[in-house]
Amino acid sequence: MKTVGVGLLGFGTVGTGVIRLLNQDQPQVEQSTGYHISIEKVLVSDLNKERKIHIDKNLLTINPDDVLDNPNIDIIIEVMGGVEQTRNYLHRAFQNKKHVVTANKDLLAVYGPELLQAAKDHGCDLYYEASVAGGIPILRSLTDGLAADRIQKIIGIVNGTTNYILSKMAREPVSYEQALGEAQSLGFAEADPTSDVEGLDAARKMVILSHLAYSIPVDLDDVTIEGITGVEREDILYSQKLGYAIKLVGVTETANGQIDIRVSPTLLPSTHPLAAVENENNAVYVYGEAVGETMFYGPGAGELPTATAVVSDLISVVRNLSLDVNGHHIFIPSKEKQCVSSETIVSRFFFRFHVKDEQGAFSKISNLLKDHGISIEKLIQEPLSDQVAEVAIITHEVNKIKFEKALRKLEELDVMIDVKNYYRVEGMKR
1 MKTVGVGLLG FGTVGTGVIR LLNQDQPQVE QSTGYHISIE KVLVSDLNKE RKIHIDKNLL
61 TINPDDVLDN PNIDIIIEVM GGVEQTRNYL HRAFQNKKHV VTANKDLLAV YGPELLQAAK
121 DHGCDLYYEA SVAGGIPILR SLTDGLAADR IQKIIGIVNG TTNYILSKMA REPVSYEQAL
181 GEAQSLGFAE ADPTSDVEGL DAARKMVILS HLAYSIPVDL DDVTIEGITG VEREDILYSQ
241 KLGYAIKLVG VTETANGQID IRVSPTLLPS THPLAAVENE NNAVYVYGEA VGETMFYGPG
301 AGELPTATAV VSDLISVVRN LSLDVNGHHI FIPSKEKQCV SSETIVSRFF FRFHVKDEQG
361 AFSKISNLLK DHGISIEKLI QEPLSDQVAE VAIITHEVNK IKFEKALRKL EELDVMIDVK
421 NYYRVEGMKR
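Residue numbers (full-length UniProt numbering): 1 to 430.
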């Protein structure tokens with residue numbers, strides 16, 4: 001049996017999972033590919049660090065040259081993270097005719113098209129299934145299973161940290177800060193959760209999904225991003241009363257050659273399959289012109305789910321080696337980019353506000369909304385005291401700029417105490 005040499009860049013949680021899977025599933029991999037997988041070198045930052053799994057210390061190195069320039073290594077698995085330095089490492093790998101499997105969403109979101117082109121130019125493979133939604137095979141599904149369809153829209157819960165926090169707030173009387181603290185104590189959130197809770201992590205994944213869905217080379221700057229730090233439990237409770245759930249979702253959709261990509265807390269109908277996705281799980285909902293609606297659900301992170309995606313990509317590379325077709329699968333975004341103008345964005349909106357509970361107050365509010373072309377679909381009003389009422393409204397579709405202008409005018413009314421939060425509302429596809 002032929003042997004394929006593999007080198008790892010990084011040996012953290014995912015790298016440990018990769019070694020664990022290869023150790024226990026080597027017979028299955030050999031049967032599937034006809035090759036024996038040999039781990040040749042593993043790049044680490046500390047040779048003496050205690051590991052969660054046994055590994056021959058002679059395989060460990062702190063010198064990247066031992067992996068990148070190693071003639072016995074055919075495939076490099078990059079699970080070290082980072083962007084600029086890692087980008088340089090992968091370019092060296094391709095120059096040395098080494099194939100690459102990566103889980104690095106940050107890198108792919110910024111330099112994906114560039115690295116894909118470099119891989120193709122050198123006849124190498126670049127696979128990155130694990131960069132989006134952990135163990136869910138969404139990228140492979142877009143490029144293979146749905147290759148014959150035209151994707152119209154993708155809605156994804158692609159960040160487990162924020163989904164856990166919002167799920168916790170929906171079930172229990174806790175604030176955002178309390179839910180975040182529990183997520184950190186359970187290991188679902190980092191000590192510095194900024195990338196997750198501000199929506200940056202989800203935005204990077206939506207860039208990658210957009211590349212594959214539409215063959216459009218979008219950038220992170222093309223994504224409208226809003227995190228969950230401002231979400232209050234009252235927003236969630238009123239949403240539930242109106243028949244919705246609040247989720248941090250990434251949306252990418254295209255129409256008339258224009259693309260709109262956004263990440264934000266969004267109201268989903270309680271009947272929408274994504275509304276039932278709880279805790280740290282991820283799900284991606286795809287609208288195809290021919291297939292209709294499909295959903296992919298599962299663990300979005302973790303040692304073994306993510307490692308499963310990495311090893312699956314590794315198997316794909318080895319199969320390509322046996323057929324001598326490496327580099328032929330490379331998919332490079334090629335269509336011209338045209339982003340939707342903010343002036344043309346139309347949506348339904350949810351907003352919540354406090355108003356003086358006095359005669360004629362709501363008449364002033366409804367007249368102002370009417371003057372701005374905003375009609376009300378659903379409304380809840382509850383007293384907070386003898387003088388103050390809390391109101392939550394879902395509008396019919398309205399231009400986003402007109403809606404935000406109306407909110408500013410509402411704040412100027414003498415009966416208005418404050419306008420709290422507002423979010424877009426997603427409906428089921430008609």
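Positions of the beta carbon are idealized from the N, C-alpha and C atoms, including for glycine.
Within 8 Å of any Cβ in chain C, is that where the Cβ of E253 sits?
No chain C appears in the structure shown, which is made up of a single protein chain.
Please classify S239 as buried or exposed, where buried requires at least 16 other C-beta atoms within 10 Å of its C-beta.
buried
Ordered list of alpha helix (DSSP H) runs contained in the region 230-286, each at least 4 residues:
233-241
Span separating the alpha-carbon of I76 from that of S210
26 Å
Are the CB atoms of G427 and D125 within a distance shorter than 8 Å?
no
What span of residues does the alpha helix (DSSP H) with T86 cover, start to end?
E84 to Q95
Taking C-alpha atoms, which residue in L107, T161 and Y127 lies nearest to E278?
T161
Can you name the start and end residues of the alpha helix (DSSP H) that K400 belongs to?
K400 to L410
Complete beta strand (DSSP E) runs within the region 98-175 (minimum length 3 residues, chain order):
99-102 and 151-157
Measuring CB to CB, does I53 end up less than 8 Å from I39?
no
Start-end ranges of the beta strand (DSSP E) lying completely within the UniProt domain "ACT" (350-424), minimum 3 residues:
376-383 and 388-395
Close beta carbons around N96, own chain, < 7 Å, minus the five adjacent residues each side:
L68 and D69
Does the distance from the CB of L304 to the CB of L368 come in under 8 Å?
no
Which listed residue (S322, S347 and C339) has its alpha carbon closest to that of K2:
S322
Name the two residues that bound the continuous alpha helix (DSSP H) containing E303.
E303 to L323
Using the C-alpha atoms, what's the distance from L108 back to N159?
17 Å
Would you mind working out which of A392, Y422, E390 and L212 sits nearest K405, comparing C-alpha positions?
Y422
Near S215, what residues of its chain come up, given a Cβ to Cβ distance below 7 Å and the 5 sequence neighbours on each side ignored?
P333, S334 and K335
Leaving out five residues on either side along the sequence, give the residues of the same chain with a beta carbon under 8 Å from the beta carbon of P193.
T161, L180, A183 and Q184
According to DSSP, is I39 part of a helix, a strand, or is it coil?
strand
So if DSSP puts V291 in a beta bridge, which residue, or which two residues, is it bridged to?
Beta-bridge pairing links V291 to no other residue.
Segment limits, alpha helix (DSSP H) that includes I76:
Note, I76: premise wrong, no alpha helix (DSSP H); beta strand (DSSP E) at I75 to E78.
Which of helix, strand or coil does DSSP assign to R51?
coil
A130 and T13: beta carbons closer than 8 Å?
no
Near V165, which residues of its chain fall below 6 Å by C-beta distance, leaving aside the five closest residues on each side in sequence?
What sits at residue 165 in the sequence shown is Ile, not Val. Cβ within range, chain order: A179, L180 and A183.
Span separating the alpha-carbon of E30 from that of K120
27 Å
According to DSSP, which residues form a beta bridge with I225?
V263
Quick one: give me the first and last residue of the beta strand (DSSP E) that L59 is part of.
Run containing L59: none; DSSP gives neither H nor E here.
Boundaries (first-last residue) of the beta strand (DSSP E) holding K2
K2 to L9
Pair within 8 Å by beta-carbon distance, E198 and G227
yes
Are the Cβ atoms of E382 and S347 separated by less than 8 Å?
no
Assuming T266 and V249 make a contact with CB atoms under 8 Å, what is their CB distance in whole Å?
5 Å
Spatial neighbours of T143 within its chain, please: CB distance less than 7 Å, with the 5 preceding and 5 following residues excluded, ordered by chain position.
L212 and F331
Cβ separation of P299 and G187, assumed to be a contact under 8 Å, to the nearest whole Å
That pair is no contact at about 13 Å.
Please classify T344 as buried or exposed, where buried requires at least 16 neighbouring CB atoms within 10 angstroms.
exposed
Span separating the alpha-carbon of R51 from that of F11:
9 Å
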